[in-house]
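**Q**
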């Protein structure tokens, strides 16, 4: 199985759906209120079976070159997921998405995981452009983007529907060095 060692504490790896799905579902369930603040999907994960199906589908998407979902392991424990999605082969670009448990915040984990994805994206997948879409209110995620070298390209009005309201988001981008 594909894995990428970011540093001595952090490893990104393809998920093992049956094994990891139960652990990830528990993390989502335990962090649901926290994750719901900026993510639209946690309430759709109603069981470990839902997460297992999501992870199985992510492996199918990876095999088809349409996406890459990786488990974030910090000191060998799963603490979140990170992915490439919206892959555009014609433009050599992809969007990065991620989430991290609340108790794993403040340790630099996500910044390092994003930096690992940048290395994978530019060196392994040969992307030219990586993007992040971050809600205007999500200051912590904006800091991750900025520490990782991403720059704001613009503000997208009413871009993300959260429950019954629309929210603005920033588009961050990073271009491969020439």
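Numbering (the UniProt record's numbering), first residue to last: 1 to 178. From the three backbone atoms N, C-alpha and C, an ideal C-beta is built for every residue, glycine too.
#1: Under DSSP, the beta strand (DSSP E) around residue 131 begins and ends at which residues?
#2: For the region 44-63 and the region 10-24, state whether three or more C-beta atom pairs, one from each stretch, are separated by less than 8 Å.
#3: Who are the Cβ neighbours of residue 148 in its own chain at under 8 Å, not counting the five residues just before and after it?
#4: Comparing alpha-carbon positions, which option in 78, 3, 169 lies nearest residue 103?
#5: Whole angstroms are fine: how far does the CA of residue 142 sit from the CA of residue 36?
#6: Indicate the three-state DSSP secondary structure (helix, strand or coil) for residue 100 in the structure shown.
#7: Within 10 angstroms of its Cβ, does residue 41 collect 16 or more other Cβ (buried), or is it exposed?
#8: Buried or exposed: where does residue 101 fall if 16 or more other Cβ atoms within 10 Å of its Cβ makes it buried?
#9: Does the structure place the region 160-168 close enough to the region 64-78 that three or more beta carbon pairs sit under 8 Å?
#10: Please identify the residue among 25, 133, 124 whose C-alpha is closest to the C-alpha of residue 159.
#11: Determine the contact status of residue 24 and residue 74, defining contact as a CB-CB distance below 7 Å.
#12: Mind pulling the alpha helix (DSSP H) runs of 4 or more residues that sit fully within the UniProt domain "N-acetyltransferase" (23-177)?
#13: Report all residues from its chain with a CB closer than 7 Å to the CB of residue 99; omit the five preceding and five following residues, and keep chain order.
**A** The answer reads as follows:
#1: 129-135
#2: yes
#3: 111, 114, 115, 118, 174
#4: 78
#5: 17 Å
#6: strand
#7: exposed
#8: buried
#9: no
#10: 133
#11: no
#12: 32-36, 48-63, 109-119, 139-147
#13: 35, 39, 80, 81
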